[in-house]
Amino acid sequence: MTVKDSSFFLGGARSGKSRLAQQKAEGYAGALVYLATGQAFDAEMTDRIARHRADRGPRWRTVDCPTDLPQAIMREGVPGQVLLVDCLTLWASNLLLADADMAAATEALLSALAGVRCPVILVSNEVGLGIVPDNALARRFRDDVGRLHQVVAATVESVFLVVAGLTIRVR
Amino acid sequence: MTVKDSSFFLGGARSGKSRLAQQKAEGYAGALVYLATGQAFDAEMTDRIARHRADRGPRWRTVDCPTDLPQAIMREGVPGQVLLVDCLTLWASNLLLADADMAAATEALLSALAGVRCPVILVSNEVGLGIVPDNALARRFRDDVGRLHQVVAATVESVFLVVAGLTIRVR
Amino acid sequence: MTVKDSSFFLGGARSGKSRLAQQKAEGYAGALVYLATGQAFDAEMTDRIARHRADRGPRWRTVDCPTDLPQAIMREGVPGQVLLVDCLTLWASNLLLADADMAAATEALLSALAGVRCPVILVSNEVGLGIVPDNALARRFRDDVGRLHQVVAATVESVFLVVAGLTIRVR
Numbered sequence: 001m002t003v004k005d006s007s008f009f010l011g012g013a014r015s016g017k018s019r020l021a022q023q024k025a026e027g028y029a030g031a032l033v034y035l036a037t038g039q040a041f042d043a044e045m046t047d048r049i050a051r052h053r054a055d056r057g058p059r060w061r062t063v064d065c066p067t068d069l070p071q072a073i074m075r076e077g078v079p080g081q082v083l084l085v086d087c088l089t090l091w092a093s094n095l096l097l098a099d100a101d102m103a104a105a106t107e108a109l110l111s112a113l114a115g116v117r118c119p120v121i122l123v124s125n126e127v128g129l130g131i132v133p134d135n136a137l138a139r140r141f142r143d144d145v146g147r148l149h150q151v152v153a154a155t156v157e158s159v160f161l162v163v164a165g166l167t168i169r170v171r
Numbered sequence: 001m002t003v004k005d006s007s008f009f010l011g012g013a014r015s016g017k018s019r020l021a022q023q024k025a026e027g028y029a030g031a032l033v034y035l036a037t038g039q040a041f042d043a044e045m046t047d048r049i050a051r052h053r054a055d056r057g058p059r060w061r062t063v064d065c066p067t068d069l070p071q072a073i074m075r076e077g078v079p080g081q082v083l084l085v086d087c088l089t090l091w092a093s094n095l096l097l098a099d100a101d102m103a104a105a106t107e108a109l110l111s112a113l114a115g116v117r118c119p120v121i122l123v124s125n126e127v128g129l130g131i132v133p134d135n136a137l138a139r140r141f142r143d144d145v146g147r148l149h150q151v152v153a154a155t156v157e158s159v160f161l162v163v164a165g166l167t168i169r170v171r
Numbered sequence: 001m002t003v004k005d006s007s008f009f010l011g012g013a014r015s016g017k018s019r020l021a022q023q024k025a026e027g028y029a030g031a032l033v034y035l036a037t038g039q040a041f042d043a044e045m046t047d048r049i050a051r052h053r054a055d056r057g058p059r060w061r062t063v064d065c066p067t068d069l070p071q072a073i074m075r076e077g078v079p080g081q082v083l084l085v086d087c088l089t090l091w092a093s094n095l096l097l098a099d100a101d102m103a104a105a106t107e108a109l110l111s112a113l114a115g116v117r118c119p120v121i122l123v124s125n126e127v128g129l130g131i132v133p134d135n136a137l138a139r140r141f142r143d144d145v146g147r148l149h150q151v152v153a154a155t156v157e158s159v160f161l162v163v164a165g166l167t168i169r170v171r
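Residue numbers (my numbering), protein chains in the order written: chain A, 1 to 171; chain B, 1 to 171; chain C, 1 to 171.
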């Protein structure tokens, strides 16, 4: 199953993936909905979230869904809207910290995506191309995110690897 | 020199590279030989190795060669077989831990590949795209693996970068 | 604005990016100038720098510019020369350690590139595709470098992602 009008922007830290995903979303007609998974645990994150929100501008409505992303997609994925999920990595991180069942959450995400009736763009961080982390939790996270990326990439219409603000079309 | 019917799947953690390499191998006629370099040092690795072996199914014969990969390739690389090397990163890691001569081992690998008389598919982890590790041994490993990847990529017919279960053809 | 005859080689550790960038530079007519940003803080770096210099051979003149890269580009970027900047990551690291204003330095670099009257090739390490570093300084570095890569990639004529000694054309 491939979800119509869906794309996935996968890239490294500060690769420009969110900006490119936003531009993709803004190219569709429809009310722009930003599904934000980021949670501010400290001043660094609070600043980053506020800066991103300001950068997006007033056309965007923000829906916070740190762990309940599938539910938010189901609720907001209606005709006349355009969804931007930013980002899957933070969602996975929030689930891991909440000790949630990652396989079940992934299933719920796929089923939510399958039911979407509007364009949907997903963003995520590629985190698996460095040295194996010392930390067991970081290794588990890396594995969870890797698996998540594979199933999302298999579900969407187009997949882009973002490098230095430029895209490599992968699918 | 380019080795006929040889391919190299390079990707991150949980990128799907082993699965894609396996599918490539299974597309050839011949007896499937899995050249396994992984060693189980702890429960996490034991589980992972057992899961991978079960996933491959009964068509595959597994040959363990944690450090003696070149010898295994020479012995098994005969007409009527198909070799899958999974993976070069673990081989390099085993060599580093055994304090082996990496340059000599790389030469032995290249010379084994040059003599192969059947299809051969190699898998490895790209580990060089993160922050420079604090740890000197990790830095040396990263350098060794990077050099190894370069010479292998220069030797095989096709090179694929695997991202989110999808391939980017690099060569 | 795109700078004529400019290219950017972005890759991981030991990916072969410097070698490929060098070959690109040597393909141009002109006196070869190596703009070196590396600083030797320890024996490991001293060795690496000396080895790289020997590898380049006698056709190259080396100009050290650990922090004053924009000034070196302005001074050396004259007709009849070919510039190789190796690498932006170390430049950014030197600036960070010197507590310099990264945004101002990036502006100075772009303006130096805009004024160059000869071919210029830039090399950098992609460092953003691993797990988020524990260390706040490493995170800031990763962000700074990511932003720097985006603006440089937007400025040059061609951008290559280097993997295992091979290039993926990104722009």
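Ideal placement from N, C-alpha and C gives every residue a C-beta, glycine not left out.
Going by DSSP, which residues form a beta bridge with residue i?
| i | result |
| --- | --- |
| F9 of chain C | C:V123 and C:F160 |
| A31 of chain A | A:Q81 |
| I247 of chain C | Lying outside 1 to 171, the shown extent of chain C, residue 247 of chain C is not represented and no answer is given. |
| V3 of chain C | C:V156 |
With residue i and residue j assumed to form a contact (beta carbons below 8 Å), what rounded beta-carbon distance in angstroms separates them?
| i | j | result |
| --- | --- | --- |
| I168 of chain B | R142 of chain C | The Cβ separation is near 23 Å, so there is no contact. |
| G38 of chain B | G146 of chain A | Going by Cβ atoms, the distance from G38 of chain B to G146 of chain A rounds to 17 Å, so no, they are not a contact pair. |
| R61 of chain B | A31 of chain B | 7 Å |
| I121 of chain C | L83 of chain C | 7 Å |
| D36 of chain B | D5 of chain B | Correcting the residue identity first, residue 36 of chain B is Ala in this sequence and not Asp. A36 of chain B to D5 of chain B, Cβ: 21 Å. No contact. |
| A164 of chain B | Q150 of chain A | 6 Å |
| R139 of chain B | A153 of chain B | R139 of chain B to A153 of chain B, Cβ: 21 Å. No contact. |
Quick one, which of the options has its alpha-carbon nearest residue i's?
| i | options | result |
| --- | --- | --- |
| M74 of chain B | B:F8, B:E44 and B:L113 | B:L113 |
| F160 of chain B | B:V82, B:V123 and B:G146 | B:V123 |
| V116 of chain A | A:R140, A:G77, A:A29 and A:D134 | A:G77 |
| F8 of chain A | A:V85, A:D64 and A:Q71 | A:V85 |
| Q81 of chain B | B:A72, B:S18 and B:T89 | B:A72 |
| A54 of chain B | B:D68, B:R19 and B:L69 | B:R19 |
| G128 of chain C | A:T2, A:S93, A:R14 and A:P58 | A:R14 |
| K17 of chain B | B:D47, B:N135 and B:N125 | B:N125 |
| Y28 of chain C | C:L96, C:A105 and C:C118 | C:C118 |
| D68 of chain A | A:A25, A:A105 and A:D144 | A:A105 |
| S111 of chain B | B:P79, B:D99 and B:V156 | B:V156 |
| A25 of chain B | B:T46, B:R59, B:M45 and B:F41 | B:R59 |
| D144 of chain A | A:M45, A:V162, A:E107 and A:D42 | A:E107 |
| P79 of chain A | A:L88, A:R51, A:H52 and A:V33 | A:V33 |
| L10 of chain C | C:M45, C:T89, C:A136 and C:D99 | C:T89 |
| A98 of chain C | C:P133, C:L137 and C:C87 | C:L137 |
| M1 of chain B | B:M45, B:D134 and B:S158 | B:S158 |
| P182 of chain C | C:A92, C:D47 and C:N135 | In this structure chain C extends from 1 to 171, so residue 182 of chain C is not present and cannot be described. |
| V3 of chain A | A:D42, A:L109 and A:N135 | A:L109 |
| P198 of chain A | A:T46, A:A43, A:R51 and A:C87 | With chain A covering 1 to 171 only, the question about residue 198 of chain A has no answer from this structure. |
| F41 of chain B | B:M102, B:V162 and B:N94 | B:N94 |
| D101 of chain A | A:L148, A:P133 and A:N135 | A:L148 |
Under 7 Å: does the beta carbon of residue i sit that close to some heavy atom of the ligand ATP?
| i | result |
| --- | --- |
| W91 of chain A | Absence of the ligand ATP from the depicted structure is noted, as is the absence of any ligand whatsoever, leaving it without description. |
Selection of the stretch 47-71 of chain C by Cβ proximity to chain B, strictly under 8 Å: Within the stretch 47-71 of chain C, no residue qualifies.
Near-chain C residues of the stretch 72-106 of chain A (beta-carbon distance less than 8 Å), N- to C-terminal order: Correct list: empty, as no residue qualifies.
Positions along the stretch 122-142 of chain A whose CB lies within less than 7 Å of some CB in chain B: Those would be E126, G128, L129, G130, I131 and R142, in chain order.
Minimum length 4: unbroken alpha helix (DSSP H) runs contained in the stretch 33-94 of chain A: Segments of the alpha helix (DSSP H) lying fully in the stretch 33-94 of chain A: 43-56 and 69-76.
Residues from the stretch 143-169 of chain C in contact with chain B, defined by Cβ distance under 9 Å: Close to chain B, meaning a Cβ-Cβ distance shorter than 9 Å, are the following residues of the stretch 143-169 of chain C: L161, V163, A164, G165, L166, T167 and I168.
Any alpha helix (DSSP H) of 4 or more consecutive residues that is wholly inside the stretch 101-150 of chain C: Every alpha helix (DSSP H) of 4 residues or more that sits fully in the stretch 101-150 of chain C is shown, in chain order, as 102-114.
Chain A contacts from the stretch 7-40 of chain C (Cβ-Cβ distance under 8 Å): Cβ contacts with chain A come from F8, L10 and G12.
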